[in-house]
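In order, the protein sequence lines correspond to chains A and B.
Residue numbering for the first sequence follows my numbering, starting at 1425 and increasing by one per position.
Residue numbering for the second sequence follows my numbering, starting at 1425 and increasing by one per position.
Every residue, glycine too, gets a C-beta built ideally from N, C-alpha and C.
There are 2 protein chains.
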Amino acid sequence: MTGLKAVPKLDPESIKSACSKCNLRELCLPSGLSGEEVDQLDSLIRVRRFCRKGEHAYRGGDQFESLYAVRAGFFKTNLLNEDGRDQVTGFHMAGELMGLDGISTDNHPCDAIALEDSEVCVIPFSRLEELSREAPALQRHLHKIMSREIVSDQSVMMLLGSMRAEERLAAFLLNLSQRMTARGYSPSEFNLRMTREEIGSYLGLKLETVSRVFSRFQNDGFIAVQQKHIRILDIPKLRAIIGQHC
Amino acid sequence: MTGLKAVPKLDPESIKSACSKCNLRELCLPSGLSGEEVDQLDSLIRVRRFCRKGEHAYRGGDQFESLYAVRAGFFKTNLLNEDGRDQVTGFHMAGELMGLDGISTDNHPCDAIALEDSEVCVIPFSRLEELSREAPALQRHLHKIMSREIVSDQSVMMLLGSMRAEERLAAFLLNLSQRMTARGYSPSEFNLRMTREEIGSYLGLKLETVSRVFSRFQNDGFIAVQQKHIRILDIPKLRAIIGQHC
DNA sequence: CGCGCCTTTGAAGGAGCTCAATTTAGGTGG
DNA sequence: CCACCTAAATTGAGCTCCTTCAAAGGCGCG
């Protein structure tokens, strides 16, 4: 396992992040806000932080103070249960917000670990709350983002509760593909940033099963896999796999 | 399946609900608010609605306008996927809030169905947002409730992704027991309001498996089951089941 | 170039599912 | 109040899909 070596707390580097100029603003917190409201956000998000591959944006148990928007790179969040169980709860790409699960207990329940060299915008939550008291559009948007997280967790529950291995992998690939598209990347060709084990953990499967299903998909001509490099050759067929649960 | 007959929209009965006098206020939205803030909530929650067993508090696809606090009774929420899949996403008892997943799309993604004769407080969401702009404590509390929902969905993901059938059932019973306790009921003796099939749907198991595991627990002396009536005889042993995933 | 980690693939085993039959409980109408 | 009817629950037997255990191959990095 990478990322287990002690990571020194980096002094957060004070760089103006300028949501107003960020090309992710349509995917991130500012989406749907007026120019003025985005300016207010700018004033709030003053700190960006780099995380090299394997480093943490935050750790389970850390006091909750901020949300973290992925500005570049790729993260996983890892839930550590009291009984030693350990599961990937999500993968997060540029424009996505991490840390909402920390609000309820004032502690982060999970680790956020960079799967490649990455950068996050640090968003002090109490200042975000302040601002959203004054800007109803921002308030509503924040609520939508939290609600979207609930919805997406529930659809993972559905996946874990009722899908077979092939369906899970198909849904996973289609989800990734769709998120890549939203970011202007190719929907059909990309590099996986995570290992088979991490995919398996997220999908409730063993790494061998993930590997086998990938091979099966490749034999069937749905995808072309070469280690971490994936090309999706037949999106409709992948969709059909999910639909055909007799 | 019960609850499939057409349910006429009940005219919401206008009853002052008075959070300030509700004995669930420590579990529900008002928890942690000052007297004055609770009064403000009172002014907002003017409508209660009765749902007889099988009736809906809201339906998947309905426009999102309000949150629903369970005032009495017991609900399940049921997610209906586009591909005909269908899964119970949660069970909700008195004092718990339903409908947060509707904020993101302005439509409820799931059905909320009463599993016994029940009553809900209808909380107009835009008025709740208004009020929470003026009352920081309420704002923070709302955020905590939403975050708690995220955390609890994630712990279901963990359950579905990494636990075996016995562990899932043990966790399920302990969770129910703990919620009963918080409401002043016996932690060890209660009636299940849902069927084996609904439990199975929630836990990603088939109803036969649920039944078999209950029988096994009974043979082992951990619980006493008689249809829907459950007595938990050995809470530590149930806890141990979850811990012992070799 | 060698080492470690990740991935692939095979074979055997097991947990939970499917199919099926029986029992029990709860609601309804005579 | 009892008989009936339907929905829910229990239990068994065989099967399937995924896991476990094991070994070999490939890629990247020092």
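Boundaries of the alpha helix (DSSP H) in which residue i is found, first to last residue
i, result
"Pro1560(B)", "1560 to 1586"
"Ser1610(A)", "Here Ser1610(A) belongs to no alpha helix (DSSP H), and DSSP marks it neither H nor E."
"Pro1660(A)", "1659 to 1667"
Cutoff 7 Å: residue i Cβ touching any chain A Cβ
i, result
"Leu1503(B)", "yes"
"Lys1477(B)", "no"
"Arg1603(B)", "no"
"Glu1450(B)", "no"
"Ser1635(B)", "no"
"Lys1661(B)", "no"
"Gln1642(B)", "no"
"His1480(B)", "no"
"His1565(B)", "no"
"Glu1573(B)", "yes"
"Met1570(B)", "yes"
"His1557(B)", "According to the sequence shown, residue 1557(B) is Arg rather than His. Yes, Arg1557(B) counts as interfacial toward chain A."
"Ile1623(B)", "no"
"Glu1543(B)", "no"
"Ile1665(B)", "no"
"Met1425(B)", "Confidence at Met1425(B) is low in this model, with a pLDDT of 34, below 50, so the placement of that residue is unreliable and no value is reported for it."
Reduced DSSP category for residue i - H, G, I as helix; E, B as strand; rest coil
i, result
"Asp1466(B)", "helix"
"Cys1443(A)", "helix"
"Gln1651(B)", "coil"
"Pro1436(B)", "Any reading at Pro1436(B) must be qualified, since the residue scores a pLDDT of 46, below 50, and its modelled position is unreliable; the value itself is stated next. Here Pro1436(B) sits in coil by DSSP."
"Phe1488(A)", "coil"
"Phe1646(A)", "coil"
"Leu1631(A)", "helix"
"Asp1618(A)", "According to the sequence displayed, residue 1618(A) carries Met and not Asp. Coil, per DSSP."
"Ile1623(A)", "helix"
Bridge partner(s) assigned by DSSP for residue i
i, result
"Leu1503(B)", "Gln1511(B), Cys1534(B)"
"Met1517(B)", "Phe1498(B)"
"Ala1493(B)", "Leu1521(B), Cys1545(B)"
"Ile1656(B)", "Ile1647(B)"
Opening and closing residue of the beta strand (DSSP E) in which residue i lies
i, result
"Ser1542(B)", "1542 to 1548"
"Cys1475(A)", "1471 to 1475"
Any chain B beta carbon closer than 7 Å to residue i
i, result
"Asp1535(A)", "no"
"Arg1547(A)", "The amino acid occupying residue 1547(A) in the given sequence is Ile; Arg does not appear at that position. It does not; no Cβ of chain B falls within 7 Å."
"Leu1524(A)", "yes"
"Gly1628(A)", "yes"
"Ile1469(A)", "no"
"Glu1553(A)", "yes"
"Ser1528(A)", "yes"
- Item | Members of the stretch 1576 to 1588 of chain A that neighbour chain B once the beta carbon cut-off is set at 7 Å | Under the 7 Å Cβ criterion, the stretch 1576 to 1588 of chain A contributes Asp1577, Gln1578, Val1580, Met1581, Met1582, Leu1584, Gly1585, Ser1586.
- Message: Short of 7 Å Cβ to Cβ, which residues in the stretch 1482 to 1516 of chain B face chain A?
- Response: Residues of the stretch 1482 to 1516 of chain B with a Cβ closer than 7 Å to any Cβ of chain A, in chain order: Leu1503, Asn1505, Asp1507, Arg1509, Gln1511, Thr1513.
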